[in-house]
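Heads up: the structure comes next, in structure tokens.
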Amino acid sequence: MIRTLGWVLRRDLLLVFRRRGDVINALVFFVIVVSLFPLGVGPEASQLRNMAPGVLWVSALLACMLSLARLFAPDHQDGTLEQMLLAGEPLVVIVLGKIMAHWLVSGLPLVLIAPLLGLQFDLPADALAVLCFSLLIGTPVLSLIGAVGAALTLGVRGSGALVALLVLPLYVPVLIFGAGSVGATASGTGAEAHLLLLGGFLALALVLAPWASAAALRIAME
Amino acid sequence: MLEGRQLECTRGERRLFSDLSFKLDRGQLLRVAGANGSGKTSLLRIMCGLVAPSTGELLWQGRSIRAEREEYSRNLVFIGHLNALKDDLTALENLQVAAALAGLPAGAARMLTGLDRFGIAHCAELPAKVLSQGQRRRVALARLALSDAVPLWILDEPFSALDVGAVVELERLLASHLASGGMVVLTTHQEVEVVAQTVLRVDLDRYSAALLAA
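So the protein sequences, as listed, match chains Y and P. Straight run, no breaks: the first sequence in our numbering ends on number 223. Straight run, no breaks: the second sequence in our numbering ends on number 320.
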């Protein structure tokens with residue numbers, strides 16, 4: 002089982018490595034969207050500080066959603082997904098491997114670059130640390146929930162818009178508590194409660210989302 | 107042993123075939139024949155467990171295939187009309203991933219013998235996107251050369267895009283699999299000569315809904 006997980010992870014990371022452009026696109030998208038706000042709103046420092054958590058989190062959410070189309074659709078097109086369904090290993094394990102690869106490629110880079118972008122908004126050091134940490138536990142939830150949406154819309158025409166409609170409402174709690182944690186640090190009330198709730202979301206999504214995606218994939222292949 | 111009981115397949119509003127029963131034993135080859143659109147691929151996908159039949163059931167060793175899906179999957183190789191190759195991976199990597207997911211040993215040396223069997227060992231390090239249609243088919247079929255221990259092979263048009271040499275090689279591979287007690291289900295439009303104890307034939311045109319209505 003671990004071997005299968007390892008192979009799926011290795012395969013997906015290798016595929017991404019051969020097609021680096023896709024990842025870079027999502028990352029550049031994140032950087033540009035975040036940078037547009039200070040330019041548009043103006044250089045008022047206190048205003049920027051207030052809106053920073055929300056802007057960063059919404060941009061991370063959108064960047065993550067951009068890459069969902071790559072999660073299952075290419076494998077569906079060339080028949081490799083079919084083979085995964087017949088792999089003789091639980092499909093959940095394979096799906097989990099694909100989700101992990103997706104997060105490593107489209108979630109983790111956002112976490113790493115976020116503090117740099119936070120500086121544009123004049124965020125203090127402790128808020129930057131909380132921002133990073135909230136993204137670290139929040140972005141895997143985005144990948145997990147996104148996988149369910151991507152699996153449900155597999156093979157449907159115009160699936161890009163449909164994924165957004167399905168997935169964005171489910172992202173709302175993550176957005177509220179993710180951005181809330183940074184805001185709470187800035188206002189001095191402490192981020193623990195928000196971060197604990199985010200951790201709870203992660204645990205819940207980790208348990209439910211792979212199963213839901215696997216079931217949705219089986220339905221999509223019928 | 108694979109057994110189908112009163113299978114029926116409906117696609118949308120159309121009933122493709124119904125009341126189809128068969129029994130496939132060790133060493134036997136089942137050839138699914140039928141006109142285009144008669145439901146050959148659908149039947150094969152039902153046999154793999156990818157699609158559920160509208161009615162009827164499939165039994166593997168007397169147990170329903172839907173009850174023990176993973177166990178059943180370990181006992182079969184399916185090669186569909188899509189080659190299931192990633193364009194950005196090399197032929198060798200494609201084969202390794204396929205073998206690893208199927209639970210087979212995935213050592214590079216073993217993969218190379220599989221590729222060599224179909225005469226494409228020299229393409230092992232090339233990405234699949236630069237291979238020709240026939241070469242891609244050969245890479246997909248190379249999986250069979252690694253799967254002699256897997257009893258049930260389900261092949262959808264395995265001979266398409268192959269040249270004469272590869273056809274002969276595939277026929278030889280199928281014959282030796284059957285001789286060692288394997289089972290093969292295939293669809294093909296070509297006349298193939300596979301040495302088997304018994305060749306069963308399911309002609310889907312005979313099970314088609316139009317005929318039943320008449």
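Ideal Cβ placement from N, Cα and C applies to all residues, glycine included. Source: prediction; values computed, not measured.
Could you tell me whether the Cβ atoms of residue i and residue j are closer together than 8 Å?
i         : j         : result
P:Gly-186 : Y:Glu-83  : yes
P:Cys-115 : P:Leu-156 : no
Y:Val-112 : Y:Leu-137 : yes
P:Val-183 : P:Leu-250 : yes
P:Arg-137 : P:Leu-292 : yes
Y:Val-96  : Y:Leu-218 : yes
Y:Pro-141 : Y:Gly-108 : yes
P:Ala-267 : P:Gln-239 : yes
Y:Ser-214 : Y:Ala-152 : yes
P:Ala-197 : P:Val-308 : no
Y:Pro-211 : Y:Ile-100 : yes
P:Ala-255 : Y:Gly-89  : no
Y:Ala-221 : Y:Gly-119 : no
Y:Leu-196 : Y:Phe-134 : yes
P:Leu-164 : P:Gly-110 : yes
P:Phe-224 : P:Leu-210 : no
Y:Ala-206 : Y:Ile-146 : yes
Y:Pro-110 : Y:Leu-28  : yes
Which residues in chain Y have a C-beta closer than 7 Å to the C-beta of residue i? List them in chain order.
i         : result
P:Lys-146 : Correct list: empty, because the minimum Cβ distance to chain Y is about 16 Å.
P:Leu-347 : Residue 347 of chain P lies beyond the residue range present for chain P, which begins at 107 and ends at 320; the question has no answer from this structure.
P:Gly-186 : Gly-80, Glu-83
P:Lys-192 : Leu-16, Asp-79, Thr-81
P:Val-203 : Trp-8, Arg-12
P:Asn-189 : Gly-80
Taking the straight line between their C-alpha atoms, what separation do you get for residue i and residue j?
i         : j         : result
Y:Ala-187 : Y:Val-106 : 29 Å
P:Cys-154 : Y:Arg-12  : 24 Å
Y:Ala-61  : Y:Leu-198 : 19 Å
P:Ala-319 : P:Leu-310 : The pLDDT assigned to P:Ala-319 is 45, lower than 50, so where the model puts this residue is not dependable; a value taken from the coordinates is nonetheless given after this. The straight-line gap from Cα to Cα measures roughly 15 Å.
P:Leu-108 : P:Trp-166 : 5 Å
P:Leu-264 : P:Leu-126 : Sequence check: residue 264 of chain P is Pro here, not Leu. Their Cα atoms are separated by approximately 23 Å.
P:Glu-277 : P:Met-217 : 20 Å
P:Leu-317 : P:Ala-141 : Residue confidence is low: P:Leu-317 scores 49 on pLDDT, short of 50, so the model does not pin down where it sits. Its coordinate-derived value is still stated next. Cα to Cα, the separation comes out at about 13 Å.
Y:His-77  : P:Lys-192 : 11 Å
P:Gln-112 : P:Thr-161 : 7 Å
Y:Gly-22  : Y:Pro-75  : 15 Å
P:Ala-234 : P:Asn-200 : 8 Å
P:Leu-87  : P:His-283 : Past the boundaries of the shown model lies residue 87 of chain P; chain P is included only from 107 to 320, so the question cannot be answered.
Y:Gly-159 : Y:Leu-169 : 16 Å
Using DSSP with H/G/I as helix, E/B as strand and the rest coil, what is residue i?
i         : result
P:Thr-219 : helix
P:Phe-265 : coil
Y:Gly-108 : coil
P:Ile-185 : strand
P:Met-107 : coil
Y:Glu-193 : helix
Y:Val-17  : helix
P:Pro-233 : strand
P:Asp-309 : strand
P:Ala-139 : strand
P:Lys-129 : strand
Y:Met-101 : helix
Kindly list, in the order they appear in chain P, the residues whose Cβ is closer than 7 Å to that of residue i.
i         : result
Y:Ala-88  : Ser-179, Leu-207, Ala-208
Y:Pro-91  : Glu-176
Y:Thr-140 : Going along chain P, no residue has its Cβ under 7 Å from Y:Thr-140, so there is no contact; the nearest lies around 25 Å.
At a cut-off of 7 Å, is residue i close to the ligand MN when judged by its beta-carbon and the heavy atoms of the ligand?
i         : result
Y:Leu-117 : Questions concerning the ligand MN fall outside what the structure shown contains, since it holds no ligand whatsoever.
If distances are taken between C-alpha atoms only, which option among the options comes closest to residue i?
i         : options                                    : result
P:Leu-188 : P:Ile-226, P:Leu-198, P:Arg-242, P:Leu-207 : P:Arg-242
Y:Leu-6   : Y:Leu-15, Y:Cys-65, Y:Val-94, Y:Pro-44     : Y:Val-94
Y:Ala-70  : Y:Val-131, Y:Ala-162, Y:Ala-126            : Y:Ala-162
P:Lys-129 : P:His-295, P:Leu-280, P:Leu-258            : P:Leu-258
Y:Arg-50  : Y:Pro-75, Y:Gly-179, Y:Leu-196, Y:Ala-128  : Y:Ala-128
P:Val-273 : P:Ala-285, P:Glu-231, P:Thr-294            : P:Thr-294
Y:Gln-48  : Y:Ser-144, Y:Gly-159, Y:Leu-124            : Y:Leu-124
P:Glu-297 : P:Val-270, P:Met-289, P:Ala-285, P:Tyr-313 : P:Val-270
How would you list, in chain order, the residues of chain Y whose beta-carbon sits under 8 Å from the beta-carbon of residue i?
i         : result
P:Cys-154 : Leu-87
P:Leu-195 : Arg-12, Leu-15, Leu-16, Arg-19
Give the interface partners of residue i over in chain P, defined as CB-CB distance under 9 Å, in chain order.
i         : result
Y:Asp-23  : In chain order: nothing, as chain P lies at least about 11 Å away.
Y:Met-222 : Arg-151, Leu-156, Val-157
Y:Thr-186 : Neighbours of Y:Thr-186 on chain P: none; closest Cβ ~42 Å, over 9 Å.
Y:Thr-5   : Ala-206, Leu-207, Gly-209
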